[in-house]
Amino acid sequence: MQFFFEVLIGGLLSGIMYSLVALGFVLIFKASGVLNFAQGAMVYFAALSLVGCMEKGAPLWLAFILALVVMTLLGIATERFLLRKLVNQTPISLFMATIGLSFFVEGLAPMLWGNQVRSLDIGLVDEPIAWILDQYNIVVSTFDLFAAGMALLLVGGLALFFQYTRVGRALRAVADDHQAALSIGIPLQHIWALVWGVAGFVALVAGMLWGSRNGVQFALTFTALKALPVLILGGFTSVPGAIVGGLIIGSTEKLAEIYIPPVLQDIFGGNFGGIENWFPYVLALLFLLVRPEGLFGERHIDRV
Amino acid sequence: MIYRETGQFKTSYATDQQIFPIRQDRIGVLLLLVAAFVVVPLVAGSYWFNAILIPFLIFALAALGLNILTGYAGQLSLGSAAFMAVGAYAAYNFQVRVEGIPVLVSFVLAGLAAAGVGILFGLPSLRIKGFYLAVATLAAQFFIVWCLTKFPYLSNNSSSGVISVPNIEMLGFTFDTPQSRYLFVLTIVSLLALAAKNMARSTTGRAWMAVRDMDVAAEVIGIPLMRTKLLAFAVSSFYCGVAGALYAFCYLGSVEPDGFSLDMSFKILFMIIVGGVGSVLGSFLGAAFILLLPIFLDVTMPWLAELVHLPFDSATVSHIQLMVFGALIMFFLVVEPHGLARLWQIGKEKLRLWPFPH
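Just so you know, the sequences run in chain order A and B. Start counting the first sequence at -16; every next residue gets the next number (this note's numbering). Start counting the second sequence at 50; every next residue gets the next number (this note's numbering).
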C-alpha cells in the first residue's frame, strides 16, 4: 500500500507537468479553434531560448523576459504569416498547418541556439522533502511541489483572466463565433496575436520546469504527445479539464507501468515495459467511446 | 488544342462512366504505363531502383491508402505507418508459419489483417470526429508498434522485433534483382491505384465523399454511416498494409517495429497534403516530392554552403531539412490547399485552350 501511494503521488505530480503543456493547447483552441500541434515544439523553443539567453550571461529573470519576448514574436509571426492566410479554411487544414509549423520550429530552434543537451538551473533542488519522507515515508520533492503550485497559479490566473477581464471576454467571444465577434468590433487579429503570446508564455513556463528536470533537449517536443491524451480526456475547451485530465493520465499511466507488465509477463513471458507510451491514448480512447466530448468539453449539436 | 475533347461523343452509359472518359487521358495513362514497365527497366541503374523508384512506389501506395481515408472519407489519421507495420509483420508471419504459401496470397492476407486492425481502430470514428479522432488514431500508432516490439511471437522470437524476410519467389522465379523487384512492386501498385481510381467514382466512393462533406447530411439521405466509415478504414488499412508488406519484402529486406514511427506517419500525411487531398494522382506526386526533397537538399546544400562560404555540418543540414519540410507544408496549405494535383488540373485547363488565352 505504501508503494502504491508513492507511485500514485509520483504519477499525480508528473500529471501536473502534462497539464502545463496541455494548458497551452487549450488556450489556443479556446480562442481560435485551432488544435496547435506545435505546442510541443514551442515548449522546446522556449526552453532553448531561456537557456540560450542565460548562457549569454543574463540572469534568470532577464532571460525569462527575453525568452518571453522571443515567444511573443513567434506567436505574432505565426498569426501574421500563417493563421491570417488560413482564415475560413477547415479546422483540419489548420491542424495540418500547425504540424508544419512544429517541424519548422523544431528545425529553427537548434539552428538559433545549438542542439546540444543543456541543463537548466532555476534554483530549485530536486530532492525529497525530509519531513514528509520521515513522517509518511513517501518521496515528494520541492521541485514537484513548486511545479504543482505553478500550474495551479497559472490555471487560477487564466480562469480569472478569461472570466473577468475585457480581453478575456473578447477571447471567449472570438472562440464562440469568429464572424459575430468581428461584427461587434472585436479586433480578431490582435486577439489571436495575444492568444499566441499567452500560449508562448505557458510554453515557456512548461519548458522551464520540464527543462530543469530533464535537461533542455529535443525530447522536450515529445511533451506534446503526452499532452494530447490529457486534452481529449479533459475536453479541448476546458482549462480545469486540462488539470484534471493531466492528473488522471499521470497517475494511471504510472500505475499501469508498475502493475500491468508483471501480469502480462506471467501470461506470455518476456519483457513488457514501456506501457506508459500508449496507455494514456488507449485510456482516453476508451473514455471517448463513453463520453465523446471529454470530461469537461462542450457537447456540440450537429445541424445540417 | 492538345487537350480538347471535342468530337468524342459518348453514346452509351458505359462510355460515359468509364474511368478515363477523355481519350487523351487514356492515351496518356497508357504511355505512362508503357514507360514505367518497359522504358524505365531498360535505362535505370540499380541505385535508381533501390533508392528512388521502389520506395517511391511503396510510399505512393501508402499515401493512396491514407488519401482514401482522409481525402475521400474525411477521417484524419495519424497512424498510417502502424498499419504498414501490421501489413509487414502479417506477411512475414504468413510466410514463415504457413508452409508453401504463395507470396501474393500472403500479401493479400497481410492486407486483410491490416484491414481488420484498421476496423478495430476505426470503431471510435462512429462516436467521435475531427481532432478527437485524429488523436485517437495516435493510439493505434503507439499501441501497434509497442505490441510488435514486445510480443516475441509476432516477430518469430527475434530479438527486439527485427524481422528479415527472404527473397520473393513466385512460380520458380526469384525476385532478387532490383529490376525484377521494381516490376513486381510496380504491377501491384498500378493494379491497386487503378482499383482506387475506380472505387472513387463508384457508389462507395461517392458515399465516402458525402460523409466527408457532412456526415449528418449523408446519414439523412440514407447513407449508412457505420458501414461507410468502417469500410473506409478497412480499405485504407488494406492499402497501407500491402504497402507495408512491400516495404519489408521489396525495399528494405529487414525491418524493425520502431522503423514504422510517428515520423513516417507524418511523412505519409505530408505526401497527401503536398500532392493533393482527395486525388489518386496527388498521392503519387506527393510521394515523389516528399521522397525527392531530402535527396535534393542533400545534394544542393553543400554546394550552396560553398557558394556563401559557410561551413554546414550534417546537423545543420538536418535542421534545415526540417525547416524546409515545415515551411513547405505551410506554404502548400496557404497557397495551394489542393496540392500538386490541382496544379496539374490547371495545366490541363490551359492545354485545352492553348494557344488561346480564354
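C-beta atoms are modelled at their ideal positions from N, C-alpha and C, and glycine is treated no differently.
Put simply, of A:ILE(-8), A:LEU203, A:LEU141 the residue whose alpha carbon is nearest the alpha carbon of A:ASP127 is A:ILE(-8).
With its beta carbon at least 8 Å from every one in chain B, A:PHE270 lies outside the interface. In the three-state reduction of the DSSP assignment, A:SER221 falls in the coil class. Selection B:ILE317, B:LEU161, B:PHE374 evaluated against B:ILE344 yields B:PHE374 as nearest (Cα-Cα). Residue B:LEU175 holds the alpha-carbon nearest to the alpha-carbon of B:PHE282 among B:PHE156, B:LEU175, B:THR60. Between A:VAL185 and A:LEU51, the C-beta spacing is not below 8 Å. The C-beta of B:ARG72 has fewer than 16 other C-beta atoms within 10 Å across all chains shown, which makes the residue exposed.
Between A:LEU31 and A:VAL199, the C-beta gap is smaller than 8 Å, which places the two residues in contact. Interface flag for A:ASN71 against chain B is unset, since no Cβ pair is found closer than 8 Å. Chain-ordered, the chain B residues with CB closer than 8 Å to the CB of A:TYR264 read VAL184, ALA185, LEU187, ALA188, PHE191, PHE192. Around the beta carbon of B:THR223, fewer than 16 other beta carbons sit within 10 angstroms, so the residue counts as exposed. Of all residues in the stretch 13 to 28 of chain A, the ones placed with a Cβ closer than 7 Å to any Cβ belonging to chain B are LEU18, in chain order. Looking from the CA of B:PHE108, the closest CA among B:ILE68, B:ALA294, B:VAL78 belongs to B:ALA294. At least one CB atom of chain B sits nearer than 8 Å to the CB of A:GLU89.
The C-beta of A:SER195 comes no closer than 8 Å to any C-beta of chain B. Among the residues of chain A, those whose CB is under 9 Å from the CB of B:PHE315 are ILE82, PHE86, following chain order. In the DSSP assignment, B:MET275 falls within the alpha helix (DSSP H) that extends over 274 to 295. By the neighbour-count criterion, in which 16 or more other beta carbons inside 10 Å mark a residue as buried, A:GLY277 falls on the buried side.
Annotation: Cβ neighbours of A:SER76 in chain B (cutoff 7 Å, chain order): LEU382, PRO386. The beta carbon of A:LEU211 sits closer than 8 Å to some beta carbon of chain B. A Cβ-Cβ distance of about 5 Å is found for the pair A:VAL213 and A:GLY229, placing them in contact under the 8 Å criterion. In its chain, beyond the 5 residues on either side, GLY7, LEU10, ILE11 have a beta carbon closer than 6 Å to the beta carbon of A:ALA182. When secondary structure is reduced to three states using DSSP, A:MET94 falls in the helix class. Between the stretch 286 to 304 of chain B and the stretch 128 to 137 of chain B, the count of C-beta pairs closer than 8 Å reaches three or more; the two stretches touch.
Among the residues of chain A, those whose CB is under 8 Å from the CB of B:PRO173 are LEU268, LEU271, LEU272, following chain order. Neighbours of B:ARG261 across chain A, judged by C-beta separation under 8 Å, do not exist; the nearest C-beta is about 10 Å away.
Below 8 Å, enough C-beta pairs join the stretch 83 to 101 of chain A and the stretch 26 to 42 of chain A to call them touching: three or more. B:ALA122 is a Cβ neighbour of B:ARG261, given a cutoff of 8 Å.
Nearest C-alpha to B:GLY254 among B:VAL265, B:SER239, B:ILE272, B:ILE237: B:ILE272. Judged by DSSP secondary structure, A:GLU276 falls outside any alpha helix (DSSP H); it is assigned neither H nor E. Contact between B:PHE105 and B:ALA297 fails: their C-beta atoms lie close to 17 Å from each other, not under 8 Å. Any Cβ of chain B closer than 8 Å to the Cβ of A:LEU65 would place that residue at the interface, and such an atom is present.
Counting of Cβ neighbours within 10 angstroms places B:PHE233 among the buried residues, the total reaching 16 or more. Relative to B:ASP264, the option among B:LYS178, B:LEU356, B:ASN206, B:ALA162 whose CA is nearest is B:LYS178. Here A:ALA24 is not near A:VAL100, since their CB atoms are 8 Å or more apart. Contact check between the stretch 317 to 325 of chain B and the stretch 205 to 213 of chain B: fewer than three CB pairs, one atom from each, fall below 8 Å, which does not count as touching.
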